[in-house]
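Written out below as structure tokens is the structure these notes cover.
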């Protein structure tokens with residue numbers, strides 16, 4: 001679906017220059033390139049000309065310098081779990097695979113922060129932290145690299161409590177488009193010392209520089225955790241229960257909405273037997289008494305909206321199973337329509353408009369032939385569709401695009417955004433004008449200033 | 465102390481063009497210009513050539529267009545309560561006084577957010593919100609304008625719980641350097657739709673554009689609040705109690721440190737009789753049981769470090785008096801040294817280095833002839849000195865500068881920042897190279913891209 005520009009084969013001189021930096025950690029094989037040109041979504045692979053497997057910030061800097069001298073595109077690659085074509089090498093060039101930059105550089109229990117190389121995945125970090133009593137909260141589902149998560153401003157199920165990468169990243173090391181290495185800020189919790197470069201690079205999707213190290217905030221593992229599932233008679237009741245919960249200031253850790261179509265898919269995929277109705281998956285974190293407080297308040301709210309009894313998952317392994325099932329929502333959808341690809345999309349609206357937005361969207365979907373479960377981090381006003389399509393069937397693609405466009409225009413009309421967490425990539429590039437208007441020119445000016453040659457992940461966020 | 469460039473008097477043609485926009489809401493009187501060229505700090509006034517009192521975003525845009533056409537500096541002015549010379553018109557030009565842009569444009573109880581014109585002050589907003597059960601938390605002490613607070617990335621006493629302007633601002637309306645009006649983002653709680661322009665303008669101190677409207681998050685007024693004062697045998701004990709509190713994850717709303725010098729000043733100014741020892745002012749927010757939980761945990765921690773009994777302020781008027789006293793710390797210092805000016809400075813370090821940083825700093829001060837109480841938002845690792853100086857005495861100024869430089873270099877060596885919340889203005893401009901290194905060139909590139917003529921608050925953050 002993405003247009004791959006015609007281009008010359010990787011030139012020998014470029015390969016030789018890169019090999020001088022990374023030695024044999026370089027590949028031009030078709031299979032490796034193909035795998036690095038695609039993410040988990042329906043977007044066609046756009047293979048880079050060459051993939052380098054870097055091991056340090058200095059290597060990244062050297063590679064970018066080589067590319068800058070030759071005006072060759074640079075595409076950073078974490079785990080390839082993005083959803084809007086972020087890693088597709090639309091204009092060819094050099095893919096920088098970060099997976100070997102997988103060292104945890106420092107952890108401070110006192111400061112509750114850690115610095116990791118960009119290729120470290122969130123699960124690896126949490127595994128490492130296991131004995132410290134701390135955890136890294138941001139959880140987009142996939143076991144993404146923390147560099148990739150910073151680059152796409154990832155969030156996920158417990159952003160409602162702990163924030164997104166926007167809030168959790170303290171500092172970045174970035175290789176600029178000319179190969180210089182900068183650190184975006186100090187490690188202090190707050191600073192008023194100039195422009196917020198950290199937040200500028202968080203969410204920039206590799207278009208302003210390559211993130212090579214990330215310092216993140218950590219949080220204490222709560223003394224008590226409890227998870228519950230609650231069904232509602234209709235979508236409006238479920239969503240309104242969420243709205244009241246947020247307004248009540250209950251510090252809920254997770255509050256996830258699944259429509260009956262998604263519940264069905266998850267039941268089948270994960271062996272659950274939840275009633276087929278709009279459902280919330282909940283998690284509470286706190287002290288023993290705090291969790292008790294929260295669950296009582298939440299139960300009263302659910303009762304008000306006709307919620308079912310809570311089905312509790314109190315044991316750690318039950319909780320893990322519940323959240324794994326939630327994270328596998330995409331794979332559960334795929335299992336419902338074997339042979340098709342998932343075209344996931346997400347929007348985020350002010351919570352007051354959430355019920356309306358979800359209901360109108362479900363109505364749209366019910367009138368379409370496309371199978372599309374809905375699921376969402378509704379505490380933030382963020383929800384997702386996974387439209388299951390045959391990428392070779394133009395009719396299905398056209399219909400999915402139509403539904404996606406209607407969804408986005410609906411969200412924008414409600415003062416929402418075209419993507420709450422998946423990012424722009426190439427997939428949502430055409431919606432930014434509608435969302436940002438003249439502010440898009442400010443983004444262009446920043447891009448032009450920091451990447452005047454346009455070599456950094458071209459074709460993402462902004463058209464070249 | 466700041467160098468005011470020699471310049472021609474305001475030209476008649478400029479005044480006429482401005483008058484065509486704002487009519488009689490314009491002043492070239494010496495008194496008005498002088499008052500608009502200074503903030504609450506020791507920095508000498510650098511009066512603008514003319515002050516315009518705008519009433520709408522469109523007027524700001526028209527004024528900026530006039531200035532852009534003539535390459536005349538533009539200096540936005542909120543309440544003049546900044547501390548690093550932010551409003552000084554170092555190169556003359558047009559001061560845009562925002563105080564008449566004082567409308568609260570919308571409040572959504574459902575979304576827990578509000579949009580205000582930039583001149584609305586935090587107390588005005590909170591007064592307006594009184595019956596909604598919501599409040600705007602960011603509290604820098606002064607009754608600053610919310611536009612100014614966004615521009616300087618303000619924080620204050622309860623940032624430890626509710627975040628700084630970085631976290632609390634959802635969206636801005638900004639007049640760019642060419643007079644175009646943009647909105648930095650939608651009102652959704654989160655978004656991954658392109659570069660984070662909101663965070664780019666938050667903290668940009670008027671150097672990238674003029675903030676004219678601000679959408680901020682609001683929070684529910686907690687069911688229960690309690691404040692307490694606790695003294696410690698020495699500074700290390702007080703600071704270590706803070707560190708353990710933060711690490712324990714107690715969601716404390718305020719945790720303010722005062723050294724014995726500051727306690728003395730506040731006792732005299734506000735009529736308190738707190739023992740002259742390192743002291744914490746605490747506030748707890750939550751449900752009745754939550755506050756009880758928190759206070760019990762906190763008391764155990766304070767006991768561990770030899771803290772005194774808690775002196776409670778439970779009635780709202782007692783709490784108000786306590787926090788007013790804390791906010792009046794600067795004025796209390798001034799009252800201790802009549803005729804002198806306060807030279808406030810602040811740094812922020814990782815919490816693990818806080819005790820060391822505060823102790824070394826106190827040692828420095830004790831060896832100096834400058835009177836300088838210490839006070840701080842220590843839950844974030846942020847603390848302040850107020851050095852009382854005679855701005856006409858070069859010896860005092862030199863000594864204060866020496867102490868300030870030592871403080872900042874100490875903080876930087878600890879991976880801290882030269883300012884946690886006061887901002888750069890002109891006062892800290894020389895420390896940014898030491899803090900940011902090559903990253904400063906990224907800031908310069910952004911400035912050049914968005915304000916190529918260099919007319920937006922020149923001489924702040926970056927040297928022209």
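Residue numbers (the working numbering), protein chains in the order written: chain A, 1 to 464; chain B, 465 to 928.
Yeah, the Cβ is synthetic: ideal placement off N, Cα and C, and Gly gets one too.
Any Cβ of chain A closer than 8 Å to the Cβ of residue 907 of chain B would place that residue at the interface, and such an atom is present. Non-local C-beta neighbours of residue 689 of chain B in its own chain, meaning closer than 6 Å and more than five positions away in sequence, comprise 749, ordered along the chain. Residue state for residue 559 of chain B is assigned as strand, using DSSP reduced to three classes. For residue 111 of chain A, a Cβ of chain B is located within less than 8 Å of the residue's own Cβ. Chain-ordered, the chain A residues with CB closer than 7 Å to the CB of residue 644 of chain B read 438.
Cα atoms of residue 573 of chain B and residue 603 of chain B: separation of roughly 21 Å, rounded to the nearest angstrom.
Per the coordinates, the alpha-carbon of residue 679 of chain B lies some 10 Å from the alpha-carbon of residue 647 of chain B. By the Cβ test, the stretch 194 to 205 of chain A is in contact with the stretch 892 to 907 of chain B, since at least three Cβ pairs between them sit closer than 8 Å.
Nearest in C-alpha terms to residue 453 of chain A, of all of A:335, A:71 and A:150, is A:71. Cβ-Cβ separation between residue 346 of chain A and residue 419 of chain A: approximately 6 Å, consistent with a contact (criterion under 8 Å). Taking 8 Å as the cut-off, the Cβ atoms of residue 64 of chain A and residue 142 of chain A do not count as close. Out of B:490, B:499, B:701 and B:747, the CA that lies nearest to the CA of residue 818 of chain B is found in B:701. Relative to the Cα of residue 390 of chain A, the nearest Cα in the group A:371, A:122 and A:381 belongs to A:371. Each residue's CA atom was taken as its position, placing residue 694 of chain B and residue 634 of chain B some 36 Å apart.
Taking a beta-carbon distance threshold of 8 Å, residue 81 of chain A does not count as an interface residue toward chain B. Within the stretch 659 to 679 of chain B, 659, 660, 661, 663, 664, 666, 667 and 668 place their CB atoms closer than 7 Å to a CB of chain A, listed in sequence order.
Collapsing the DSSP output to three states places residue 43 of chain A in coil. Between residue 145 of chain A and residue 98 of chain A, the C-beta spacing is below 8 Å. Taken in chain order, the members of the stretch 326 to 351 of chain A whose beta-carbon sits within less than 9 Å of a beta-carbon on chain B are 346, 347, 348, 349, 350 and 351.
In the three-state reduction of the DSSP assignment, residue 923 of chain B falls in the coil class, being assigned neither a helical nor a strand state. The beta carbon of residue 704 of chain B is closer than 8 Å to those of 769 and 819 in its chain, skipping five residues each way along the sequence.
In this chain, the beta strand (DSSP E) harbouring residue 279 of chain A covers 279 to 286. Shortest Cα-Cα distance from residue 51 of chain A to any of A:76, A:387 and A:232 involves A:76.
When Cβ-Cβ separations below 8 Å define contact, residue 159 of chain A makes contact with chain B. Burial is judged here by how many other beta carbons sit within 10 angstroms of a residue's own beta carbon; residue 833 of chain B has fewer than 16 and is exposed. Neighbours of residue 139 of chain A in chain B, taken as residues whose beta carbon is under 8 Å from its own, are absent, since the nearest beta carbon is some 14 Å off. Within chain B, the residues placing a beta-carbon under 7 Å from that of residue 423 of chain A are 656, ordered along the chain.
Taking the Cα of residue 58 of chain A as reference, the smallest distance to any Cα among A:173, A:243, A:255 and A:388 is reached at A:173. If you draw a 10 Å sphere on the C-beta of residue 897 of chain B, you find fewer than 16 other C-beta atoms in it, and that means exposed. With respect to residue 281 of chain A, residue 254 of chain A sits close: the two C-beta atoms are nearer than 8 Å. The beta carbon of residue 26 of chain A is closer than 8 Å to those of 15, 18, 19, 50, 51, 52 and 53 in its chain, skipping five residues each way along the sequence. With contacts defined as CB atoms closer than 8 Å, residue 617 of chain B and residue 720 of chain B fail to qualify as a contacting pair. In this structure, residue 218 of chain A places its C-beta atom within 8 Å of the C-beta atom of residue 135 of chain A. Of the residues B:643, B:639 and B:620, the one whose Cα lies closest to the Cα of residue 632 of chain B is B:620. Partner residues in the beta bridge of residue 382 of chain A, as assigned by DSSP, are A:348 and A:377. It is roughly 11 Å from the alpha-carbon of residue 460 of chain A to the alpha-carbon of residue 657 of chain B.
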